[in-house]
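Trainee: Following our numbering, the numbering of the sequence shown begins with 65 at its first residue and continues without gaps. Here a beta-carbon is modelled for each residue, glycine too, at the ideal position from N, C-alpha and C. This is the structure I have questions about; it appears just below.
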Amino acid sequence: MAGDGDAEVGEGLVIMMVEPGCQESIDLQWEMRRELDALYDEKTIDPPPLEQFRLPRAAFLVAWLDGMPIGCGAMTTLDERTAHFKRVFVRPGFRGRGLGRRIMNALELKAAQLGYAVIFLETADQQLEAIGMYTSLGYRRVPCDGRVPCSEQSICFEKNI
Numbered sequence: 065m066a067g068d069g070d071a072e073v074g075e076g077l078v079i080m081m082v083e084p085g086c087q088e089s090i091d092l093q094w095e096m097r098r099e100l101d102a103l104y105d106e107k108t109i110d111p112p113p114l115e116q117f118r119l120p121r122a123a124f125l126v127a128w129l130d131g132m133p134i135g136c137g138a139m140t141t142l143d144e145r146t147a148h149f150k151r152v153f154v155r156p157g158f159r160g161r162g163l164g165r166r167i168m169n170a171l172e173l174k175a176a177q178l179g180y181a182v183i184f185l186e187t188a189d190q191q192l193e194a195i196g197m198y199t200s201l202g203y204r205r206v207p208c209d210g211r212v213p214c215s216e217q218s219i220c221f222e223k224n225i
């Protein structure tokens with residue numbers, strides 16, 4: 065495992081901070097991008113941007129289940145009080161087990177440790193499972209007001225922590 069920081073462990077699951085350029089991070093981001101490309105009829109050719117996750121108060125987490133990388137999540141700074149969660153993804157064969165919730169919980173804990181008071185995230189209208197998960201975790205819909213680039217399909221959420 066390519067981790068270098070805090071870890072959440074349980075039932076064969078380990079979630080820990082990693083170097084954003086590690087192979088597990090790159091592989092998971094490409095897999096997520098291919099899935100989104102198919103969902104929205106797009107074609108991504110540029111590699112995943114990494115520098116934003118190396119900044120102060122940023123983080124990239126990878127989840128391993130029994131030693132296999134199965135999901136990820138990341139955060140950057142939107143403003144002094146607000147973390148921007150991105151790249152929340154669980155590989156399709158591992159969905160429906162609450163692993164996305166565990167990744168979100170680990171990200172929220174890390175955001176609190178880094179001094180954030182608010183979490184902002186953006187998803188899209190065809191990602192129904194993500195919308196349901198964010199709502200069930202206490203996120204509330206907010207206008208997509210230009211804080212991050214959005215599309216017609218964008219749905220934005222916030223949560224106070």
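1. Using the rule of at least 16 other Cβ atoms within 10 Å of the residue's Cβ for burial, across every protein chain shown, is M236 buried or exposed?
2. Do T187 and A181 have their C-beta atoms within less than 7 angstroms of each other?
3. Taking S218 as part of the beta strand (DSSP E), name the residues at either end of that continuous run.
4. Could you check which residue in V212, R155, D105 has the C-alpha nearest to that of Q190?
5. What does the alpha-carbon distance come out to for the pair A127 and E216?
6. Take P84 as the anchor and find which of I109, L77, F117, A102 has the nearest alpha-carbon.
7. May I have the straight-line CA-CA distance separating I225 from I183, to the nearest angstrom?
8. In the structure shown, what three-state DSSP assignment does R145 receive?
9. List the whole-angstrom C-beta distance separating R97 from P112, where the pair is believed to meet the contact cut-off of C-beta under 8 angstroms.
10. Using CA atoms only, rank isn't needed, just tell me which of R211, T199, I90, L178 is closest to D110.
11. Answer yes or no: do C136 and L163 have a C-beta to C-beta separation smaller than 7 angstroms?
12. Could you tell me which of A123, G202, P133, E95 sits nearest to E88, measuring between CA atoms?
13. Just confirm the distance between the C-beta atoms of V82 and L125, as a whole number of angstroms; I'd bet it's less than 8 angstroms.
14. Count the other CB atoms, across all protein chains shown, that sit within 10 Å of the CB of K174; report buried if there are 16 or more and exposed otherwise.
Mentor: So, to answer that:
1. Lying before the first or after the last residue shown, residue 236 is absent from the chain, which here runs from 65 to 225.
2. At least 7 angstroms separates the beta-carbon of T187 from that of A181.
3. Run containing S218: 218-224, per the beta strand (DSSP E) assignment.
4. Closest in C-alpha terms to Q190, from the list V212, R155, D105, comes D105.
5. Cα to Cα, the separation comes out at about 31 angstroms.
6. Scanning I109, L77, F117, A102 for the CA closest to the CA of P84 turns up F117.
7. Spanning the alpha carbons of I225 and I183 requires a straight line of approximately 7 angstroms.
8. Three-state DSSP puts R145 in coil, outside helix and strand.
9. Contact between R97 and P112 holds, with the beta-carbon distance rounding to 7 angstroms and staying under 8 angstroms.
10. The shortest C-alpha separation from D110 is found at I90.
11. No.
12. Ranking the options by Cα distance to E88, first place goes to P133.
13. That belief holds up - the Cβ atoms of V82 and L125 are roughly 7 angstroms apart, short of 8 angstroms.
14. With 16 or more other Cβ atoms within 10 Å, it is buried.
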